[in-house]
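Student:
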Amino acid sequence: MTGKLRLGVNIDHVATIRNARGVRYPDPLRAAHLAAEAGADGITAHLREDRRHISDDDIQSLSEKIDLPLNLEMAATPEMLAIASRHKPHAVCLVPEKRQELTTEGGLDVAAGRDYLASYVSALGEAGIRVSLFIDPEAGQIEAAKALGAPVVELHTGSYCEASGGEVAGELERLVRAAKMAEGLGLECHAGHGLSYDTVGPVAAIATIVELNIGHFLVGEAIFSGLGGAIKHMRALMDEARAEALARPRPQASA
Ligand code: PXP
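Residue numbers for the sequence shown follow the working numbering, so the first one is 1 and each next one is one higher.
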């Protein structure tokens, strides 16, 4: 897979700022329109069970009023399945959710949760929604995602982004191996969580990854350079890293 690397802009934390005051601004829909102008290929929003940021009304207005594909992140619960079936977003990314966590800590345990996840993957697929599973970059999770029939996996980049010193290369290598394995099994591979200007390049250089979903850093950076400027800069870093990786000579296969 050597096509363009897509950028999904996650607008959850525009809603976090709005909800901190219980008012109507800043509006995630406005952020989604701005992201489209700045070069996003999709909009991602996580409707959490506790509605701490994105609300049901946000999902409704995003579904009705944006032209870009909407990627709805959600837990595998009957309530969320009913919401997805009603709005029929372009894609759903199934994520694990714990009420007390600050953010999505770690990927879905698809290998252990096979039985309960199977009905969600098939119901969403039958509704014409592209399903992805947010997983840690581990062989067992990728095999389990394939066995469930999910067409897409999204690799959790949190451990790589938080790594320091000598750990970074190892965490990156886990992502490289996982992305290669996913492609080998015919799965579309996405990645995201915690990516910033400093960490995006090496992930964007993994040619078997076709989409990155990025949010928190962009909303934070918007304070300094505006949301459009932050998205454009992220897009440029992704495109540069991908172009450089594709221009590099491939290692020769040994005879
Ligand atoms: N991908 C998934 C599946 C996520 O749950 C999140 C966080 O909501 C992201 C990407 C984006 O992570 P961040 O906001 O740290 O960029």
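Heads up, the beta-carbon is just placed ideally off N, CA and C, and yes, glycines get one too.
Would you call F217 buried or exposed, if buried means 16 or more other Cβ atoms sit within 10 Å of its Cβ?
Tutor: buried
Student: I'd like to confirm the pairing. Which residues does DSSP put opposite H156 in its beta bridges?
Tutor: G192
Student: Can you give me the C-alpha to C-alpha distance between Y25 and R114, rounded to a whole angstrom?
Tutor: Distance from the CA atom of Y25 to the CA atom of R114, rounded to whole angstroms, is 40 Å.
Student: Report the CB separation of L62 from L29 in whole angstroms; it is logged as a contact under 8 Å.
Tutor: That pair is a contact at about 6 Å.
Student: For L187, which residues in the same chain have their Cβ closer than 8 Å to its Cβ, ignoring the five residues on either side in sequence?
Tutor: Result list for L187: I142, A145, K146, A150, P151, V152 and V153, in chain order.
Student: Given a cut-off of 7 Å on the beta-carbon distance, is the pair I135 and L108 in contact?
Tutor: yes
Student: Which same chain residues, not among the five before or five after P137, have their C-beta less than 6 Å away from its C-beta?
Tutor: For P137, same chain residues with a beta-carbon under 6 Å away, outside a window of 5 residues either side, are L155, R174, L175 and A178 in chain order.
Student: Does at least one heavy atom of ligand 1 sit under 6 Å from the Cβ of E211?
Tutor: Result no, Cβ not under 6 Å from ligand 1.
Student: With distances taken Cα to Cα, identify the nearest neighbour of G220 among A15, R6, L47 and E183.
Tutor: A15
Student: Can you list, in chain order, every residue whose CB sits closer than 7 Å to a heavy atom of ligand 1?
Tutor: N10, D12, H13, T44, H46, E73, C93, V95, T103, T104, F134, E154, G192, H193, G194, L195, N213, I214, G215, H216 and F217
Student: Using three-state DSSP, classify S225 as helix, strand or coil.
Tutor: helix
Student: When the Cα of P96 is compared with those of D27, A112, I83 and I206, which residue comes out closest?
Tutor: A112
Student: With 16 as the cutoff for other CB atoms within 10 Å, does P249 come out buried or exposed?
Tutor: exposed
Student: Per DSSP, what kind of secondary structure is A139 in: helix, strand or coil?
Tutor: helix
Student: Counting Cβ pairs closer than 8 Å, one from the segment 163-173 and one from the segment 122-132, do we hit at least three?
Tutor: no
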